[in-house]
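Protein chains: 2
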Amino acid sequence: MNVDLLQKSLDGRWADVRTNVREQMSRFSPADPDLSREDYRARVLELTHELARTGQPHTGFSPDHGGKGDVGGVVTAFQVLGYGDLSLLVKAGVQWGLFGGAVQVLGTSRHHDKYLRRIMDGELLGCFAMTETGHGSDVQHLRTTATYDPATQEFVIDTPEPGARKDYIGNAARDGEMAVVFAQLVTGGQTHGVHAFLVPIRVDGQPAPGVEISDCGHKAGLNGVDNGRLVFSGVRVPREALLNRFADVAEDGTYSSSIENEGRRFFTMLGTLVRGRISVAGGAGSAAQKALTLAVRYGERRRQFADPGTGRETAILDYRAHQRKLLPLLATSYALAYAQDDLVAEMHRLQKPGADHDEKAQRELESRAAGLKAIGTWHATHTIQTCREACGGAGYLSENHLPTLKADTDVFTTFEGDNTVLLQLLAKNLLGDYGKSVAGLSTVGLARFVGEQALGDVTERTGLNRLRVRRLDPRSRAAQRALIAERSEHLLGGVARRLRPALKKGADQFGIFNAAQDHLLEAARAHVDTLVFDAFAAGIKRSAPEVRPLLEKVLDLHALSVIERSRAWYLEHGRLNAGESRAVTAAVNDLCAELRPHARLLVDAFGIPEPWLACPLLEDPAAETTVANPAPAMVG
Amino acid sequence: MNVDLLQKSLDGRWADVRTNVREQMSRFSPADPDLSREDYRARVLELTHELARTGQPHTGFSPDHGGKGDVGGVVTAFQVLGYGDLSLLVKAGVQWGLFGGAVQVLGTSRHHDKYLRRIMDGELLGCFAMTETGHGSDVQHLRTTATYDPATQEFVIDTPEPGARKDYIGNAARDGEMAVVFAQLVTGGQTHGVHAFLVPIRVDGQPAPGVEISDCGHKAGLNGVDNGRLVFSGVRVPREALLNRFADVAEDGTYSSSIENEGRRFFTMLGTLVRGRISVAGGAGSAAQKALTLAVRYGERRRQFADPGTGRETAILDYRAHQRKLLPLLATSYALAYAQDDLVAEMHRLQKPGADHDEKAQRELESRAAGLKAIGTWHATHTIQTCREACGGAGYLSENHLPTLKADTDVFTTFEGDNTVLLQLLAKNLLGDYGKSVAGLSTVGLARFVGEQALGDVTERTGLNRLRVRRLDPRSRAAQRALIAERSEHLLGGVARRLRPALKKGADQFGIFNAAQDHLLEAARAHVDTLVFDAFAAGIKRSAPEVRPLLEKVLDLHALSVIERSRAWYLEHGRLNAGESRAVTAAVNDLCAELRPHARLLVDAFGIPEPWLACPLLEDPAAETTVANPAPAMVG
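For the record, the sequence lines run as chains A and B.
If you're matching positions, the first sequence starts at 5 in the working numbering and goes up one per residue.
If you're matching positions, the second sequence starts at 5 in the working numbering and goes up one per residue.
1) Say yes only if the C-beta of THR385 (chain A) is nearer than 7 Å to one or more non-hydrogen atoms of the ligand ZN, and no if none qualify.
2) Taking 8 Å as the CB-CB cut-off, is GLN484 (chain A) touching chain B?
3) Return the residues of the region 216-235 of chain A that lie within a Cβ-Cβ distance of less than 7 Å from chain B, sorted by chain order.
4) Distance cutoff 8 Å, beta carbons only. Does ARG586 (chain B) sit that close to anything in chain A?
5) Mind checking PRO67 (chain B): buried by the 16 CB within 10 Å criterion, or exposed?
6) Determine the closest residue to ARG26 (chain B) out of B:GLU623, B:LEU621, B:PRO620 and B:PRO613, with distance taken between C-alpha atoms.
7) Could you tell me whether any Cβ in chain A is nearer than 8 Å to the Cβ of VAL462 (chain B)?
8) Please list the terminal residues of the continuous alpha helix (DSSP H) segment that includes PRO332 (chain B).
9) Measuring only between beta-carbons, confirm whether THR413 (chain B) sits less than 8 Å from chain A.
10) Can you give me the C-alpha to C-alpha distance between ALA511 (chain B) and ALA587 (chain A), rounded to a whole angstrom?
11) Run through DSSP, which three-state label would SER141 (chain B) get?
12) Of all the options A:SER237, A:HIS196 and A:ASP208, which has the alpha carbon lying nearest to the alpha carbon of GLU266 (chain A)?
13) Nearest-angstrom Cα distance between SER30 (chain B) and ASP422 (chain B)?
14) What are the residues in the region 165-180 of chain A lying within 8 Å of chain B by C-beta distance?
15) To the nearest angstrom, report how far apart GLY126 (chain A) and LEU120 (chain A) are at their CA atoms.
16) Between the C-alpha atoms of GLU393 (chain A) and CYS391 (chain B), what's the straight-line distance to the nearest angstrom?
17) Specify whether the region 79-98 of chain A and the region 243-261 of chain A touch according to this definition: at least 3 beta carbon pairs, one from each stretch, less than 8 Å apart.
18) Quick check: the region 42-53 of chain A against the region 225-237 of chain B, are at least 3 beta-carbon pairs closer than 8 Å?
19) Buried or exposed: where does GLY315 (chain B) fall if 16 or more other Cβ atoms within 10 Å of its Cβ makes it buried?
20) Which residues does DSSP list as the beta-bridge partners of LEU202 (chain B)?
21) Check for me: the alpha helix (DSSP H) holding ASP412 (chain A) runs from which residue to which?
22) DSSP three-state label for VAL551 (chain A), please.
23) Starting from GLU255 (chain B), trace the alpha helix (DSSP H) both ways and give me its first and last residue.
24) Determine the burial state of PRO357 (chain A): buried for a count of at least 16 other Cβ atoms within 10 Å of its Cβ, exposed for fewer.
25) Residue range of the beta strand (DSSP E) that LYS170 (chain B) falls in?
26) Taking all protein chains shown into account, decide if THR418 (chain A) is buried (16 or more other Cβ within 10 angstroms of its Cβ) or exposed.
27) Evaluate GLU623 (chain B) with the Cβ neighbour count: other Cβ atoms within 10 Å of its Cβ, from every protein chain shown; 16 or more gives buried, anything less gives exposed.
28) Considering just the uninterrupted stretch of the beta strand (DSSP E) at TYR152 (chain B), what are its terminal residues?
29) Using a Cβ-Cβ cut-off of 8 Å, state whether TYR302 (chain B) counts as contacting chain A.
30) Three or more C-beta pairs closer than 8 Å, one from the region 479-499 of chain A and one from the region 559-577 of chain A: is that the case here?
31) Report, in whole angstroms, the separation of the C-beta atoms of GLY303 (chain A) and LEU333 (chain A), which I expect to be a contact under 8 Å.
32) In three-state terms, what does DSSP make of ILE217 (chain B)?
33) As an exercise, report each continuous alpha helix (DSSP H) stretch of at least 4 residues that is fully enclosed by the region 44-104 of chain B, in chain order.
34) Under 8 Å, do THR135 (chain B) and GLY399 (chain A) count as touching if we go by C-beta distance?
35) Pull out every residue of the region 569-585 of chain A whose Cβ sits closer than 8 Å to any Cβ of chain B, in chain order.
36) On a Cα-Cα basis, can you pick out the residue from A:GLU584, A:ALA519 and A:ILE567 that is closest to ALA590 (chain B)?
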């Protein structure tokens with residue numbers, strides 16, 4: 005099997021970008037874990053400037069201002085940085101993705117002409133000041149105000165209460181000169197909701213007048229990024245500081261917007277920022293791949309306990325328990341890689357220069373991004389933890405990369421949208437679609453629909469699905485697809501039924517929603533399972549024929565792990581009987597054994613530059629010898 | 005409800021010790037996370053000496069040498085230290101538990117008289133040098149040698165190969181003067197297996213001649229502990245350096261031991277060290293309790309998204325998804341606390357001065373310790389991670405303790421016995437018992453036994469247990485007990501059947517074992533589930549009548565979470581039908597809602613000293629206000 009062909013399949017649509025960044029990355033060697041926080045920040049700032057000099061950050065910006073307009077390319081490049089120093093990844097993400105991205109997509113030419121070039125080159129460093137101490141998930145209700153003063157034609161930025169302090173803001177504590185500040189726009193005594201403003205926060209290295217900056221201090225990881233807090237007291241910025249692509253304030257204070265509805269306007273503004281979530285999902289994927297590469301290579305060389313038959317110590321990856329720890333996660337990492345590539349391609353299609361605005365497709369993209377970000381970052385946290393444990397004490401030493409990977413990625417599950425909140429967002433959007441499809445049915449059709457649902461319930465209550473006669477073949481792609489997709493649809497239908505009473509006047513909306521919240525989250529997860537499955541299957545079809553048989557097996561393992569994880573649900577709903585459920589587990593075991601010989605190839609195909617992997621964990625001589633008096637296999 | 009009565013119940017048998025240590029602990033304030041590694045090590049060394057001055061470490065040592073012989077007390081005290089700086093906990097554990105403990109239990113009066121006093125007082129700092137780079141789990145096959153030279157009446161300690169280097173050794177990199185070194189004892193050309201030797205490793209702060217010391221460097225956490233590596237080249241120690249409680253070498257090199265069988269001798273020596281595992285389980289429990297206390301208190305005060313009915317923002321702990329994240333873990337933390345107290349009491353009974361040696365009870369204690377250490381440390385890792393995420397960005401800041409808790413405890417799952425290996429050890433011991441009970445049956449009895457097993461299989465294959473007629477009441481304590489215990493017995497019986505062919509001559513022992521490994525691990529986990537359930541139930545019976553009703557609910561939640569987690573198994577084996585399985589999930593939801601109002605009380609009863617909890621996460625003013633234009637509940 006040719007590792008290059010496999011890597012080509014994984015590298016996907018932006019393979020060239022990946023190759024470039026892999027070559028550049030060798031210059032960005034890992035940081036010494038003993039660096040002080042200040043020194044680490046200084047180092048990451050230096051690397052950020054170095055990255056700017058490669059021209060890579062230009063890729064994503066508009067060609068009108070010296071960029072390449074390659075939206076997909078820049079997100080893919082970001083993803084490859086995820087094999088390296090994640091502080092650099094996040095600092096770069098703040099500077100070019102969040103700060104620069106907001107100026108690009110929320111601003112207009114007056115901002116672009118003035119700032120984009122300097123932002124791309126890293127001359128003007130900035131922050132994305134959205135989150136407040138009191139409002140992280142519910143950004144629609146953040147409290148910072150930007151009040152228009154027609155007398156001076158300025159906005160006055162204020163932090164009206166302690167909870168309105170901007171918090172966790174990257175680039176704020178040390179390096180940022182400017183911030184895109186999200187605030188409630190007030191003019192003529194009226195509030196028009198959250199808008200973004202360009203606010204200078206530092207002048208000659210000192211906080212700008214009226215801006216109070218403090219440091220978030222030491223964090224679990226990412227200590228090369230200077231997260232800080234911003235408090236504003238009567239900070240005046242010109243009227244033109246408003247990023248006015250979607251709304252503007254005239255000199256006399258008159259407010260105008262191309263989007264009438266305040267909520268819709270808010271979500272349209274937020275939607276343009278979807279790139280951040282997609283990038284985080286990509287970075288998480290890279291980190292998980294790196295952890296798996298380390299753990300698989302260690303698992304192949306590390307031997308412990310002698311086989312009583314041969315007296316030879318067994319490579320730990322030959323133990324079933326070890327395979328079950330690592331190989332399903334490896335399979336899912338493959339699946340997520342294809343899903344991520346699809347997501348990036350769709351984002352590129354919608355957001356590349358000159359693309360028509362397609363609101364429906366954009367909304368769909370946001371849903372997918374929310375779902376994949378949640379599932380992908382949880383997968384990364386779980387995978388890196390598992391890999392750390394799979395490497396024992398060696399996995400706890402910083403020299404072996406896993407501690408840093410773990411600490412740096414931990415925040416991915418809660419920043420750029422808390423995962424739980426993102427899954428709810430996805431479910432909400434899905435329910436919107438679902439509601440529409442139900443609403444489109446005639447009365448008869450609706451009655452039949454409800455009838456079918458009721459039948460489904462009865463089937464479940466019997467504990468057996470009597471409609472299904474054929475016995476499950478766990479390796480049948482169609483059967484896997486049907487099981488995964490059916491679960492998603494059923495969960496969604498069920499939650500729609502449970503939420504319907506909330507539409508009644510006077511209903512306890514919160515109570516009804518809250519009682520179904522776990523169901524709602526499951527429905528969202530199941531939806532992501534389906535789209536990840538489909539993306540992997542489609543990716544295999546695009547791959548070279550030589551690598552397809554192996555990839556099919558990897559997809560089998562991924563799909564059956566997903567089904568196995570939810571097999572209680574399939575049993576409860578009569579989709580699997582007891583024997584079939586156990587056959588799924590047996591198939592997962594078999595697939596682990598079948599893929600074991602290919603494990604090294606599968607991780608090599610991630611194409612992680614060797615200098616970034618090198619560590620004593622991989623270098624130490626295997627301590628293998630033949631044992632004269634082997635322990636009984638039982639404790640093996 | 006009185007928090008003191010609840011705390012009294014949790015504090016258990018060594019409540020007085022806990023009170024003392026809680027009072028002392030206020031002096032051991034948390035470390036600055038920005039401390040350099042060297043400064044942090046110096047600080048922890050200082051705290052170690054301060055701890056010695058409290059006299060607390062004396063508690064566990066023999067009264068003959070100035071100790072109090074309170075074995076249970078010292079382990080409980082250690083547990084309370086787990087609320088504080090975990091580097092101090094581990095440094096103290098290495099010094100007094102592992103190093104001092106080995107001298108106490110593996111040595112004889114010649115060692116006790118010479119060293120114990122100085123060890124207790126922290127004047128003589130030492131290491132426990134067991135693990136080698138090449139052998140961590142399989143310590144029976146470690147490679148360091150101690151070769152007796154009758155000419156000089158010395159043992160010569162050698163590291164014969166790179167893999168035999170002692171690794172991850174606490175106290176080695178900086179502070180330790182002496183080490184208990186585990187090595188293969190060779191005399192007269194014959195190897196007698198692993199024995200422990202007292203070896204000076206540092207003289208006047210410099211490595212002793214022939215000893216090469218290196219530093220493990222920066223770690224994921226516990227950077228206040230100086231873990232290092234030791235390589236020995238012809239290091240000579242007197243014959244008396246052998247810790248000779250179980251075996252000795254005469255002047256002429258003749259080897260003798262009170263335990264003939266080498267394997268049994270090895271496991272007897274290891275068994276005396278069970279205290280380390282019990283202590284780790286206790287420390288992990290404290291860390292999980294601390295994380296839960298932070299997350300529950302934050303969840304009560306943190307509000308996000310407005311209830312559309314009231315316009316008031318909802319406390320995040322009022323969301324079902326948030327309750328489901330935290331409250332089952334809180335319930336399990338209660339269950340584990342009672343199981344831990346039982347385990348400590350049993351250890352105390354067996355190991356207190358003057359106790360008769362009861363080999364069977366000792367073996368049983370080791371099994372329980374292995375199981376509880378594995379389950380308890382995994383619970384801690386999972387709980388702390390969940391609590392970190394439940395606190396969002398605030399949970400990622402070091403000032404809020406969660407990052408340190410997470411990083412410091414991460415290694416608990418793989419040190420003092422890798423959890424997977426420990427569960428296998430437990431399963432092996434259980435199978436030994438199981439084999440004995442089967443072997444004791446007459447031929448007729450055996451046939452009936454096999455017949456019953458076969459019947460069980462048939463029952464499972466039908467997917468329905470036709471023998472059971474009554475419908476499950478999820479809140480029935482007897483039903484919960486039956487489900488949990490039955491699963492454990494069934495899994496164990498199944499794995500015994502699968503392993504039986506390995507006893508045949510010429511069988512592929514490794515292959516048979518390996519194919520059943522995941523089954524074996526499940527059986528071990530299920531066994532621990534049973535004993536934890538029983539311990540909690542018994543603990544409630546010992547509690548004040550006023551607190552029992554609340555504790556019963558907590559046990560309900562714990563038990564049903566355990567059953568829910570394994571409900572696929574119950575469905576596959578016909579122990580639950582679909583409706584009953586869903587009733588279990590519904591009951592977990594209901595119990596979360598019922599316990600929600602008591603969540604704060606439940607965490608307060610852990611009695612964690614307030615100065616150790618204090619952090620901005622708990623102090624910030626709640627950013628609650630009434631929202632004029634609430635978001636729809638759906639995104640809540």
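All C-beta atoms, glycine included, are put in the ideal place defined by N, C-alpha and C.
All figures in this text were calculated on a predicted structure; none of them were measured in a lab.
A quick look at the data gives this:
1) No copy of the ligand ZN appears in this structure; indeed no ligand is present at all.
2) Locating residue 484 (chain A) in the first sequence gives position 480, where the first residue counts as 1. GLN484 (chain A) does not count as touching chain B.
3) CYS220, GLY221, HIS222, LYS223 and ALA224
4) The residue labelled residue 586 (chain B) in the question sits at position 582 within the second sequence. With 8 Å as the cut-off, ARG586 (chain B) counts as an interface residue toward chain A.
5) By 1-based counting over the second sequence, the position of residue 67 (chain B) is 63. Per the 10 Å Cβ criterion, exposed.
6) Reading the second sequence from its first residue, position 22 is the one you call residue 26 (chain B). For ARG26 (chain B), the nearest C-alpha among the options comes from B:PRO613.
7) Along the second sequence, one-based indexing puts residue 462 (chain B) at 458. Any reading at VAL462 (chain B) must be qualified, since the residue scores a pLDDT of 39, below 50, and its modelled position is unreliable; the value itself is stated next. Answer no: the Cβ-Cβ gap between VAL462 (chain B) and chain A never drops below 8 Å.
8) Along the second sequence, one-based indexing puts residue 332 (chain B) at 328. Unbroken alpha helix (DSSP H) run through PRO332 (chain B): 324-355.
9) Position 409 of the second sequence, counting from 1, holds the residue named residue 413 (chain B). Chain A, which has no Cβ nearer than 8 Å to the Cβ of THR413 (chain B), makes this no.
10) As a working note, residue 511 (chain B) is residue 507 in the second sequence. As a working note, residue 587 (chain A) is residue 583 in the first sequence. ALA511 (chain B) and ALA587 (chain A): Cα-Cα distance of roughly 26 Å.
11) To locate residue 141 (chain B), count along the second sequence from 1; it is residue 137. Of the three classes helix, strand and coil, the one that applies to SER141 (chain B) here is coil, per DSSP.
12) Working through the first sequence from its first residue, we reach residue 266 (chain A) at position 262. Among A:SER237, A:HIS196 and A:ASP208, the Cα nearest to that of GLU266 (chain A) is on A:HIS196.
13) Counting from one through the second sequence, the residue named residue 30 (chain B) turns up at place 26. Counting from one through the second sequence, the residue named residue 422 (chain B) turns up at place 418. Rounded to whole angstroms, SER30 (chain B) to ASP422 (chain B) spans 33 Å at the Cα level.
14) GLU165, PRO166, GLY167, ALA168, ASP171 and TYR172
15) On the first sequence, residue 126 (chain A) is found 122 positions in, with the first residue counted as 1. On the first sequence, residue 120 (chain A) is found 116 positions in, with the first residue counted as 1. Straight-line Cα distance between these residues: approximately 10 Å.
16) Translated into the one-based positions of the first sequence, residue 393 (chain A) becomes position 389. Translated into the one-based positions of the second sequence, residue 391 (chain B) becomes position 387. For GLU393 (chain A) and CYS391 (chain B), the distance between alpha carbons rounds to 20 Å.
17) no
18) no
19) Along the second sequence, one-based indexing puts residue 315 (chain B) at 311. By the 10 Å Cβ count, GLY315 (chain B) comes out exposed.
20) As a position in the second sequence, residue 202 (chain B) is number 198, starting the count at 1. Beta-bridge pairing links LEU202 (chain B) to B:VAL184.
21) Counting from one through the first sequence, the residue named residue 412 (chain A) turns up at place 408. Looking at the DSSP string, the run of the alpha helix (DSSP H) that includes ASP412 (chain A) is 406-413.
22) Position 547 of the first sequence holds residue 551 (chain A). Residue state, collapsed to three classes: coil.
23) As a first step, residue 255 (chain B) must be located in the second sequence, where it is residue number 251. Unbroken run through GLU255 (chain B): none, as it is neither H nor E.
24) Here the question's residue 357 (chain A) lines up with position 353 in the first sequence. Exposed: under 16 other Cβ atoms inside 10 Å.
25) Residue 170 (chain B) sits at position 166 when you count from the first residue of the second sequence. Run containing LYS170 (chain B): 170-173, per the beta strand (DSSP E) assignment.
26) As a first step, residue 418 (chain A) is located in the first sequence; it is residue number 414 there, counting from the start. Buried, since its Cβ has 16 or more Cβ neighbours within 10 Å.
27) Counted from its first residue, the second sequence places residue 623 (chain B) at position 619. The residue in question, GLU623 (chain B), is exposed, as its Cβ has fewer than 16 Cβ neighbours within 10 Å.
28) Counted from its first residue, the second sequence places residue 152 (chain B) at position 148. Taken as a continuous stretch (DSSP letters only), the beta strand (DSSP E) holding TYR152 (chain B) covers 149-153.
29) Counted from its first residue, the second sequence places residue 302 (chain B) at position 298. Output row for TYR302 (chain B): interface = no.
30) yes
31) One-based indexing of the first sequence puts residue 303 (chain A) at position 299. One-based indexing of the first sequence puts residue 333 (chain A) at position 329. Not really, about 12 Å apart at Cβ, beyond 8 Å.
32) For the purposes of this step, residue 217 (chain B) is taken as residue 213 along the second sequence, with counting starting at 1. The answer is strand: DSSP assigns ILE217 (chain B) an E or B state.
33) 75-85 and 90-96
34) Residue 135 (chain B) sits at position 131 when you count from the first residue of the second sequence. Residue 399 (chain A) sits at position 395 when you count from the first residue of the first sequence. No. Outside cutoff.
35) ARG571, ALA572, LEU575, GLU576, HIS577, GLY578, ASN581, ALA582, GLY583 and SER585
36) Along the second sequence, read from residue 1 onward, the residue named residue 590 (chain B) stands at position 586. Taking only the C-alpha atoms, the option nearest ALA590 (chain B) is A:ALA519.
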